[in-house]
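Engineer: For what it's worth, the working numbering labels the leading residue of the sequence shown as 1, then goes sequentially.
Built from N, CA and C at the ideal position, the CB exists for glycine as well.
Because the structure is a prediction, the values reported are computed rather than measured.
There's a structure below that I have some questions on.
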Amino acid sequence: MAYNLLKGKKGIIFGALNDKSIAWKVAERAFEEGAEFLLTNTPVSMRLGEIDELAAKCNTEVIPADATSTKDLEILIQAAMDKYGKIDFILHSIGMSPNVRKKLPYDKLSYEYYQKTLDISALSFHKMISICKAKDAINDWGSIIALSYVAAQRTLYGYNDMADAKSLLESIARSFGYIYGRDKKVRINTISQSPTPTTAGSGVKGFDGLMDFTERMSPLGNATAAECADYCITMFSDLTKKVTMQNLFHDGGFSSMGMSMKAMNQYNKSFDVLPED
Ligand SMILES: NC(=O)c1ccc[n+]([C@@H]2O[C@H](COP(=O)([O-])OP(=O)(O)OC[C@H]3O[C@@H](n4cnc5c(N)ncnc54)[C@H](O)[C@@H]3O)[C@@H](O)[C@H]2O)c1
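Listed below in structure tokens is the structure:
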């Protein structure tokens with residue numbers, strides 16, 4: 001159901017790879033809610049993924065940009081301004097760890113890869129915000145969202161150096177949220193989403209077990225990508241104008257749980273199969 005929440009609003013959506021991507025669902029919902037926006041991803045992801053199909057659906061175009069490249073970001077943000085004037089929202093839905101991809105554990109990281117993880121998954125957020133601010137690209141009361149994960153606060157097996165990237169990402173939202181809010185009334189938040197079966201998500205070690213665990217632990221169950229898109233839309237809308245510098249958990253309650261009955265039942269079952277001693 002559409003409510004015209006983003007009618008007249010313009011934006012940029014980073015990170016739609018295929019129809020499982022959280023950014024893909026956000027783009028579909030933003031379009032339904034009346035927004036106009038540019039889509040962007042790396043040239044490689046554009047070739048491997050299906051973003052052109054999404055662009056056709058949303059009556060827009062894709063501008064390639066590697067989010068680690070200041071030059072690419074400048075070209076992209078200028079293109080958005082040429083097309084729309086000032087914009088109102090940005091979604092940063094970008095994450096990648098070469099250490100996770102190469103299955104290097106946290107105590108044996110490649111530091112070269114570690115820097116890439118931080119550059120792609122966190123510093124890119126700082127870069128895009130700082131270019132927007134320098135160009136005065138965002139309207140007053142504009143909204144910038146990045147997607148995060150509870151591994152920024154708590155250690156979860158297998159999440160590796162992405163946990164450090166998410167901590168940095170959330171800190172950038174607070175640090176820049178103060179400056180951009182003070183100077184231009186632009187709000188900056190992160191949404192901390194449940195494990196979600198996307199290309200990036202499924203690359204995390206033990207992902208299926210993790211999803212099952214969080215489903216059992218969360219009173220409302222895991223949040224889907226489509227539900228995450230709904231939340232992003234409210235954060236881009238004028239209904240949340242005074243929310244900034246927050247990490248907003250969108251996880252069915254998982255982050256406040258210690259143990260649930262469903263998880264306890266499953267845990268106890270594991271003892272049934274042990275031989276008595
Ligand atoms: N899937 C989950 O379980 C989960 C949970 C919480 C948060 N998140 C976060 O959600 C965001 C989106 O991930 P997703 O789950 O939709 O997976 P996804 O694989 O569909 O999206 C990740 C995107 O990052 C893009 N990307 C990678 N390197 C880039 C670069 N240098 N420049 C620009 N874009 C680049 C990829 O092309 C891809 O489109 C990520 O920040 C991820 O960490 C995911």
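Determine whether the beta carbon atoms of Ile22 and Ala229 lie at a separation below 9 Å.
Structural biologist: Yes. Within cutoff.
Engineer: Enumerate in chain order the residues of its own chain whose CB-to-CB distance from Asp136 is below 8 Å, with the five nearest sequence positions on each side excluded.
Structural biologist: These residues qualify, in order along the chain: Lys86, Lys184.
Engineer: Give the range of the alpha helix (DSSP H) segment to which Asn99 is assigned.
Structural biologist: Taken as a continuous stretch (DSSP letters only), the alpha helix (DSSP H) holding Asn99 covers 98 to 101.
Engineer: Here's a check: name, in chain order, each residue in its chain whose Cβ is nearer than 6 Å to the Cβ of Gly177, leaving out the five neighbours to either side.
Structural biologist: Ile188, Thr244, Met245.
Engineer: Ala30 and Phe125: beta carbons closer than 9 Å?
Structural biologist: No, these two residues do not count as a Cβ contact at 9 Å.
Engineer: What residues in its chain sit with their C-beta under 7 Å from that of Leu168, if we drop five residues either side in the sequence?
Structural biologist: Contacts found: Leu118, Ala122.
Engineer: Distance check for Met259 and Lys83, CA to CA, integer angstroms please.
Structural biologist: If you take the alpha carbons of Lys83 and Met259, they lie about 50 Å apart.
Engineer: Who are the near neighbours of Thr234 in its chain, counting only those whose CB is closer than 8 Å to its CB and skipping five residues on each side?
Structural biologist: Excluding residues within five positions, the ones whose Cβ falls inside 8 Å are Leu5, Thr240.
Engineer: Are the CB atoms of Phe14 and Cys93 within a distance shorter than 9 Å?
Structural biologist: In the sequence on display, residue 93 carries Ser and not Cys. Going by C-beta atoms, Ser93 is nearer than 9 Å to Phe14.
Engineer: Would you list the residues sitting across from Glu170 in a DSSP beta bridge?
Structural biologist: Note: Glu170 sits in no beta bridge, so no partner.
Engineer: Taking 8 Å as the cut-off, is the beta-carbon of His126 closer than that to any non-hydrogen atom of ligand 1?
Structural biologist: Every heavy atom of ligand 1 is 8 Å or more from the Cβ of His126, so no.
Engineer: Provide the residue(s) that pair with Thr292 in DSSP beta bridges, ordered along the chain.
Structural biologist: Residue 292 cannot be examined here, being either before or after the span of the chain that is shown, 1 to 277.
Engineer: Identify, in the order they occur along the chain, each residue of the same chain with its Cβ nearer than 7 Å to the Cβ of Asp298, setting aside the five sequence neighbours on each side.
Structural biologist: Because residue 298 is not part of the residues shown, which for the chain are 1 to 277, the question remains open.
Engineer: Using DSSP with H/G/I as helix, E/B as strand and the rest coil, what is Ile90?
Structural biologist: Strand.
Engineer: Can you tell me whether Gln193 sits near ligand 1, meaning its C-beta is under 8 Å from at least one heavy atom of the ligand?
Structural biologist: Indeed, a heavy atom of ligand 1 lies less than 8 Å from the Cβ.
Engineer: Let's see if you can read the secondary structure: which residues bound the alpha helix (DSSP H) around Gln78?
Structural biologist: Where Gln78 is concerned, the enclosing alpha helix (DSSP H) stretches over 70 to 84.
Engineer: Could you tell me which residues DSSP pairs with Gln193 in its beta bridges?
Structural biologist: Partner(s): His250.
Engineer: Can you tell me the Cα-Cα spacing of Asp272 and Ser218, whole angstroms?
Structural biologist: For Asp272 and Ser218, the distance between alpha carbons rounds to 24 Å.
Engineer: Tell me where the beta strand (DSSP E) around Glu50 begins and ends.
Structural biologist: Segment: none, Glu50 is in no beta strand (DSSP E) and carries neither H nor E.
Engineer: Using DSSP bridges, identify the partner residues of Glu36.
Structural biologist: The partner list for Glu36 (beta bridge, DSSP) reads Lys10.
Engineer: Would you kindly report the start and end of the unbroken alpha helix (DSSP H) that includes Leu210?
Structural biologist: Per DSSP, Leu210 belongs to the alpha helix (DSSP H) from 207 to 217.
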